[in-house]
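Comments concern the structure below.
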Amino acid sequence: MKRVRRLIIKLILLCLILFLLGTGVLLFWVSTAQIPSFDSFEDIKVAQSTKIYDRTGETLLFDIHQNIKRTVVPFEDMGINIKNATVAIEDSEFYQHRGIRVKAILRAILVNLSKRKLSQGGSTITQQIIKNTLLTSERTITRKLKEWILSLKIERVMSKEDILEIYLNEAPYGGNIYGVDEASREFFGKKPTELTLAEASYLAAIPKAPTYYSPYGENKDQLNNRKNLVLTRMLELNFINEEEYQNAKNEVVEFLSEQPIGIQAPHFVFFIREYLEEKYGKEVVEEGGLRVITTLDYNLQKKAEEIVLKYALENEEKYNASNASLVAINPKTGEILVMVGSRNYFDEKIDGKFNVATAQRQPGSSFKPFVYATAFKKGYTPNSIVFDVPTEFFVGCDSFGKALPGYNQNRCYHPENYDGLYKGPTTLRDGLAQSRNVPSVKLLYLVGINDSIKTAFDMGIKTLTDPNRYGLTLVLGGGEVKLLDMTSAYGVFATGGVRHPYQSILRVEDADGLVLEEYQDKPVKVLEKNIALLISDILSDNEARAPLFGSRSFMYFEGRAVAGKTGTTDKSRDGWLIGYTPSVVVGVWSGNNDNSPMKKGSSVSGDLWHDFMQEALNNLPIEGFEEPEIQNNLSTLKPVLRGVWLGGESFLIDTISNKLATEYTPLETVKEVVITNVHTILQWVDKKNPLGPPPEDPTDDSQFFHWEEPVQQWWELNKNKYPIISLNNIPTDYDNVHTLENKPVVTIIKPGDSIIYNLNEKITVETSHQEKYPIQRVDFFVNNIYLGSDKTEPFSLSFAPVEISNIQPQNEVRVVAYDGVFNNSQTTVGFRVSF
């Protein structure tokens, strides 16, 4: 008996020693194990989707965070139904335990031991958020022990509400949907607080196995059964009563159609993302829950994508051009309305992910307006003349394009016009409107490569950094630019010289709704208003461009003033068209991403551009461009700068007396006569100072003979078509018809300034006159408002003061009399009105 007692005592002591050793080992492990810190767990920030929206803030373009859709909401915005339903099915003792359920753990241990593997863990809600936020997903005893310990600790520092809030913001609901707010909106189009009991029960049923229980999957019956289980648990826990249970169980719940996981306006979205990551950092963009309201007009974007795809496919057949890109901008704000980077972002065959809108390509003749604007800055006018004749521009070659000894023939440069024809003397208006290459290259030489690049830079073209490489090919698109930059720069013409830098974002908010940035227009005047108006006047001149494009081309819109410029690069590798109204600028590129040539065709971008521009104009008011001012110094300009090319010396003749005009000769009878002396513009204009005196020796210019010889050849072939005027043909006497003595004298008989008239009283203006040449017309004005004319004796006109918009107590009548040879004179008289 004593031996048995000793044995029992020894066993008890052994068990006690083993228990103490085990406890010591466990305590040592706990003290040394790498358990993550939870010091700031109560401030944990759940990774949230950064969402990019269109300009309305309603159409979602993309969720950035690794394709995860998650919106964090506070506990009070989750709704009581989803909270209770989740607790009921996931952790019915949530409000009683302190982080772990001991009975559940022991039960799990027994099950796991019986299966000889770690498969069941009896996790509480607290344990689940520990597992998902602080620990890895590995299935080991060590990780499970850490989970228990951390759960106990966290329950001591965080409230149940805070823990449940984190869980419901993290819970997976299938696919890329995380968090109860996102799930509520995706499945039911509601906020969590608006969910019915049945809807909340469905949501609570899903996180256990989101794919298996997906409402869009094959296991809808199992989902319905689990929903009913949720309701049963809620009833057992007294979260609901029997009536609520039955109503929810029998309620027919309809899920919204599954939204495709994808992206809208992909090129634009990644353009936005690149900007955001550069400004805020990749981590903030991926996990910071930013809400980004962009400038994109989604409806217009969808139209653009349809049109680009349609014509890109057609162009592939017609012109061997497999791709196209389109950008639309509001020039008054700089807001990007549309960005289509390729015909199909997902088409790997054409490298569709490549964004042509932001890539550098040669613009062809669409660069010409910047050169012409530079010319107008320097004093050239739309009527200035340059000769459109075959011209060699490289000084190492002769005037006929043959290399001189010591030079390579490949360096000779004699561009041709698009139509292969040459027009002779050509105004800058026609040179730009009809996109004549030779006049444009000459103009670039006259105004300077660097100055032209400076104009383009000021207007938003930032990529032209190597002027020596471009040379005179710049005006024909020899330098690489971006479609986005070009479209934005054309907006300066549309706004009368004011640059509104392009903008892609209206507002960025952080996850708490704090505004991080907001659109601010930053207009900068970069071009004199009248110069911008001149360019718009030329580019919208349908008559001027008709000889090349026809009177009803793709740039013509009935009842609309639309400016446009095409561009085609060498071997037709790029086809451009950029056009605008005062309210929208649209740029289109067509071609191949690999830079392979297309078949020649002026409409490769034209029909595409026209159809989209028509869509854009449908929602815009009818607007015209403001008329440019007539330059005051035209009479003092050299003849060639104002459109007179037959010679550099001219005289003004009165067409009635056929004598030299004087200060009294009316403009209606003045005619300019030029002494015939045809030369290149370099004969008359010093390119360093176009408005200054002619060059002392024009031949000092290295280009002079290259330009002069073809001009003289053209003149020899065409001089019989023009009158030849020599100095002997110029009169020496002065106009004696239009003199001070010959002006008519007009007098106002009535009204008189001593009479006071009533507002409604009829007043008749009576005149008398003396003249050498018979009076043809008298014009009548009151307070400088034109009332009308009288062409018959006795030249009178009646009015009532009430009819005059600016009538005052003291007023003035003015009459102007014209005789048969355009001499005129005027006189005034005052009259009073009683109010």
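According to full-length UniProt numbering, the stretch in the sequence shown is residues 1 to 835, in order.
Where a beta carbon is used, it is the ideal one built from N, C-alpha and C, also for glycine.
On a predicted model such as this, the values are computed, not experimentally measured, just so you know.
1. So the beta strand (DSSP E) isoleucine 505 belongs to, where does it begin and stop?
2. How long is the line joining the alpha carbons of asparagine 355 and glutamate 170, rounded to whole angstroms?
3. Determine the direct distance from the alpha carbon of proline 744 to that of serine 825, and round the result to whole angstroms.
4. Per DSSP, threonine 764 is paired with what?
5. Roughly how far, in whole angstroms, is the beta-carbon of residue 865 from the beta-carbon of leucine 309, given that I think they are within contact range, below 8 angstroms?
6. Leaving aside the five residues before and after alanine 800 along the sequence, list all residues of the same chain whose C-beta is less than 6 angstroms from its C-beta, in chain order.
7. Restricting to Cα atoms, I'd like to know which of Leu197, Ile206, Leu472 is closest to glutamine 703.
8. Taking the alpha-carbon positions, what's the tyrosine 280 to threonine 636 distance?
9. Out of curiosity, what's the CA-to-CA distance linking residue 837 and isoleucine 166?
10. For asparagine 408, which three-state DSSP category applies?
11. Using the Cβ count rule (16 or more neighbours within 10 Å means buried), how would you classify asparagine 408?
12. Using the three-state DSSP reduction, which class does histidine 706 fall into: helix, strand or coil?
13. Using a Cβ distance threshold of 8 angstroms, determine whether the stretch 341-356 contacts the stretch 465-481, with at least three qualifying pairs required.
14. Please return the same chain residues whose Cβ sits closer than 6 angstroms to the Cβ of aspartate 611, not counting the five positions on each side in sequence.
15. State the start and end residues of the unbroken alpha helix (DSSP H) segment that holds leucine 197.
16. For serine 834, does the count of other Cβ atoms within 10 angstroms reach 16, so buried, or fall short, so exposed?
17. For serine 342, is the classification buried or exposed, using 16 other Cβ atoms within 10 angstroms of its Cβ as the cut-off for buried?
18. When the Cα atoms are used, what is the spatial distance from serine 159 to valine 515?
19. Under 7 angstroms, do lysine 482 and threonine 358 count as touching if we go by C-beta distance?
20. Can you give, in chain order, each stretch of the beta strand (DSSP E) that sits fully within the stretch 359-425 and has at least 3 residues?
21. Quick one: what does DSSP say arginine 226 is sitting in, helix, strand or coil?
22. Buried or exposed, going by whether 16 or more other CB atoms sit within 10 Å of the CB of asparagine 811?
23. Measure the CB-CB distance between glycine 567 and proline 331 and report whether it falls below 7 angstroms.
24. With burial defined as no fewer than 16 other Cβ atoms inside 10 Å of the residue's Cβ, what is the status of residue 863: buried or exposed?
25. State the Cα-Cα distance for the pair phenylalanine 255 and asparagine 219, rounded to the nearest angstrom.
26. What separation, rounded to the nearest whole angstrom, lies between the Cα atoms of residue 842 and glycine 647?
27. Suppose you measure from the CA of asparagine 823 to the CA of isoleucine 653; what does that come to, to the nearest Å?
28. If you draw a straight line from the alpha carbon of serine 796 to that of phenylalanine 781, how long is it in whole angstroms?
29. Does DSSP put aspartate 819 in a helix, a strand or coil?
30. So, helix, strand or coil for glutamate 672, using DSSP?
31. Counting only the same chain and skipping the five closest in sequence on each side, list residues whose C-beta sits under 6 angstroms from that of tryptophan 29.
32. Looking at aspartate 388: is its Cβ nearer than 7 angstroms to the Cβ of valine 438?
33. Pull up the distance between the alpha-carbon of glycine 820 and that of serine 768, whole angstroms please.
34. Are leucine 464 and glycine 479 close, meaning C-beta to C-beta below 7 angstroms?
35. Should leucine 404 go down as buried or exposed, given a rule of 16 or more other Cβ atoms within 10 Å for buried?
36. Since residue 840 and leucine 428 are thought to touch, with beta carbons under 8 angstroms apart, how far apart are those beta carbons, to the nearest angstrom?
The short version:
1. 505-509 is the extent of the beta strand (DSSP E) around isoleucine 505.
2. The alpha-carbon atoms of asparagine 355 and glutamate 170 are separated by roughly 35 angstroms.
3. For serine 825 and proline 744, the distance between alpha carbons rounds to 6 angstroms.
4. Its beta-bridge partners are Ser798.
5. The question about residue 865 has no answer here: the residues shown for the chain are numbered 1 through 835.
6. The residues are Asn760, Lys762.
7. When each option's Cα is compared against that of glutamine 703, the closest is Leu472.
8. About 58 angstroms.
9. Absent from the model: residue 837. The displayed extent of the chain is 1 to 835, so no value can be given.
10. Note: asparagine 408 maps to coil in three-state DSSP.
11. Asparagine 408 is exposed by the Cβ-count criterion.
12. If DSSP states are grouped into helix, strand and coil, histidine 706 belongs with the helices.
13. Counting Cβ pairs under 8 angstroms, fewer than three are found: no touch.
14. Correct list, in chain order: Ile307.
15. Leucine 197 -> alpha helix (DSSP H) spans 197-205.
16. Result: exposed.
17. A buried status is given to serine 342, since no fewer than 16 other beta-carbon atoms sit within 10 Å of its beta-carbon.
18. Straight through space, the alpha carbons of valine 515 and serine 159 are spaced by roughly 30 angstroms.
19. Yes; because the gap between Cβ atoms is below 7 angstroms, this pair is in contact.
20. Counting only runs of 3 or more, we get 385-388.
21. Three-state DSSP puts arginine 226 in a helix.
22. With at least 16 other beta carbons inside 10 angstroms of its own, asparagine 811 counts as buried.
23. No, the Cβ-Cβ distance between glycine 567 and proline 331 is not below 7 angstroms.
24. Because the chain in this structure spans residues 1 to 835, residue 863 falls outside the shown range and cannot be described.
25. For phenylalanine 255 and asparagine 219, the distance between alpha carbons rounds to 14 angstroms.
26. The structure shown does not extend to residue 842, since the chain is modelled only from 1 to 835, so the question has no answer here.
27. If you take the alpha carbons of asparagine 823 and isoleucine 653, they lie about 16 angstroms apart.
28. Phenylalanine 781 has its alpha-carbon roughly 12 angstroms from the corresponding atom of serine 796.
29. DSSP places aspartate 819 within a strand segment (E or B) once states are collapsed to three.
30. It is a strand residue.
31. Its pLDDT being 44, under 50, tryptophan 29 is placed unreliably by the model, and the measurement read from it follows with that caveat. Taken in chain order, the list of residues that qualify is empty.
32. Yes, they are a contact pair.
33. C-alpha separation (whole angstroms): 17 angstroms.
34. The Cβ-Cβ distance between leucine 464 and glycine 479 falls below 7 angstroms.
35. So leucine 404 counts as exposed.
36. In this structure the chain extends from 1 to 835, so residue 840 is not present and cannot be described.
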